[in-house]
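Right, one structure below, let's go through it.
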Amino acid sequence: MSSSTLQSSAFICRSCSRHLRPSPASLPPTRAFSTAIPRGQPSSTSPYSPYYVDIPFPPQRYVPWQPRAKGKRPVPRKVFKSANADRKVTAEYLAGLSKEPTNFSRPGEDAPAREKAYIGWKQKMADSRRRNVRDGLLELHAQSQKRNAIVAARSAEKQERRARLLAQEDPEVAQLTNPSILAALQTKHKLTDPDRMERLAASRARYIEHEETRIIARREHLHELYIRANTFIVATAQLEDVIERKFSEVASAESTNVMPPSGRDILTRHQSEDMINTTRDEAIAMRIRDALTGGNKRPKQVAADVGRPDVRTTEDLLNIVNQPMTKYGYPGLQGARGQMATQDLFQVLSGKEPGPK
1 MSSSTLQSSA
11 FICRSCSRHL
21 RPSPASLPPT
31 RAFSTAIPRG
41 QPSSTSPYSP
51 YYVDIPFPPQ
61 RYVPWQPRAK
71 GKRPVPRKVF
81 KSANADRKVT
91 AEYLAGLSKE
101 PTNFSRPGED
111 APAREKAYIG
121 WKQKMADSRR
131 RNVRDGLLEL
141 HAQSQKRNAI
151 VAARSAEKQE
161 RRARLLAQED
171 PEVAQLTNPS
181 ILAALQTKHK
191 LTDPDRMERL
201 AASRARYIEH
211 EETRIIARRE
221 HLHELYIRAN
231 TFIVATAQLE
241 DVIERKFSEV
251 ASAESTNVMP
261 PSGRDILTRH
271 QSEDMINTTR
281 DEAIAMRIRD
291 ALTGGNKRPK
301 QVAADVGRPD
311 VRTTEDLLNI
321 VNQPMTKYGY
331 PGLQGARGQM
341 ATQDLFQVLS
351 GKEPGPK
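For the sequence shown, the positions run 1 to 357 when full-length UniProt numbering is used.
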């Protein structure tokens, strides 16, 4: 066998292919002074080259491409799923399923040959359909019986193996290494509990105490809710009043002041608070003194003192604390206007007193 035949018939590594090359003696003479390696002679490979050791590589084999079939196969229908499915392979069922024709179509004597061939082809196709449905049912029943037998045998084998493993004794190694008191540690009867009634009584007492604590806390919460009920909003008018007071233009102008208060403002606020506290304490002290002495030693107010700011009665002193507040937060009379316009808001922001309309 020639080298060309070997190389074409099988894959040959590079080392073997060198021996199959023609010898230098059979090649034509070359120039002696040439430094190039002749084509027929094997080339020298460095030991550091990955091709120094020839390893045969098989030719690349390409897997033939197969187009992907779209869709999916339907789930096979269970033909023998009922309990009396074996009746489908009886002769009566098959005869009723594929009945023989009662009347045959026979061409006339003068019918053309094409019509005779067509009628004969239709009869052959009908016989093929009847034969296929009978053979298909018989084959499906045989496959079902074979599959059920395999499943039953496998299940019986698993059950028999499980029963054998449960019935067999422990190996000698396990018997020698297990502790001797293993059987004594197994709980074979219900454990007694002599202190059960005491524990139940203590648990019941703790539960009753917890429920009483919870009931008392609930009553305290209800009482606190009843005390604070005077500030709840229960009417639409109250809700509108709160919205007007919290979200009015003047309230927004007062709350959006980013400048810190000056020292004079702080002193004025403290002086006003001290004056209010002193006035309230003075009125209370006067009432206490009247109750202790049993009479009122102060001079009665005359007609000339009416309207004087330095002459105040007890009712005036007590009403000072409950004076209405204006929209600007200073004690005084209630403002005549209930609402303010946008230009009044700008005047308040600029530090000017809004004038009357």
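Here a beta-carbon is modelled for each residue, glycine too, at the ideal position from N, C-alpha and C.
No experiment lies behind these values; they were computed from the predicted model shown.
C-beta contact flag for residue i and residue j at 8 Å
i, j, result
"Val101", "Ile119", "First, the amino acid is wrong: residue 101 is Pro here, not Val. Going by C-beta atoms, Pro101 is not nearer than 8 Å to Ile119."
"His141", "Val89", "yes"
"Leu137", "Leu94", "yes"
Where residue i falls, given that 16 or more other Cβ within 10 Å makes a residue buried
i, result
"Ala283", "buried"
Coil, strand or helix - residue i by DSSP
i, result
"His189", "coil"
"Ser128", "helix"
"Tyr330", "Bear in mind that a pLDDT of 42 at Tyr330, under 50, signals an unreliable position, so the model cannot answer this."
"Trp121", "helix"
"Ser144", "helix"
"Val75", "coil"
"residue 436", "Residue 436 falls outside the range modelled here, since the chain spans only 1 to 357, and no answer is possible."
"Val89", "helix"
"Lys158", "helix"
"Asn277", "helix"
"Lys116", "helix"
"Val151", "helix"
"Ser272", "helix"
"Met259", "coil"
"Glu172", "helix"
"Thr177", "helix"
"Ser203", "helix"
"Ile208", "helix"
"Gly335", "Because Gly335 sits at a pLDDT of 42, beneath the cut-off of 50, its placement in the model cannot be relied upon, and the following sentence gives the value as read from the coordinates. Note: Gly335 maps to coil in three-state DSSP."
"Arg287", "helix"
"Ile55", "coil"
Separation of residue j from residue i, as counted between CA atoms
i, j, result
"Lys246", "Met286", "38 Å"
"Asp241", "Asn230", "15 Å"
"Thr279", "Arg269", "15 Å"
"Lys146", "Asp135", "16 Å"
"Leu267", "Arg218", "46 Å"
"Glu169", "Gln175", "9 Å"
"Ala53", "Ser46", "Note that residue 53 is Val in the sequence shown here, rather than Ala. Roughly 10 Å between the two C-alpha positions."
"Phe232", "Met259", "34 Å"
"Ala202", "Asp195", "11 Å"
"Pro261", "Glu273", "16 Å"
"Val151", "Lys158", "11 Å"
"Ala85", "Arg164", "35 Å"
"Ile227", "Thr192", "55 Å"
"Tyr207", "Val234", "39 Å"
"Glu224", "His189", "57 Å"
"Gly96", "Trp121", "24 Å"
"Ser105", "Ala91", "27 Å"
On the three-pair Cβ rule with 8 Å, is the region 125-134 touching the region 68-78? no
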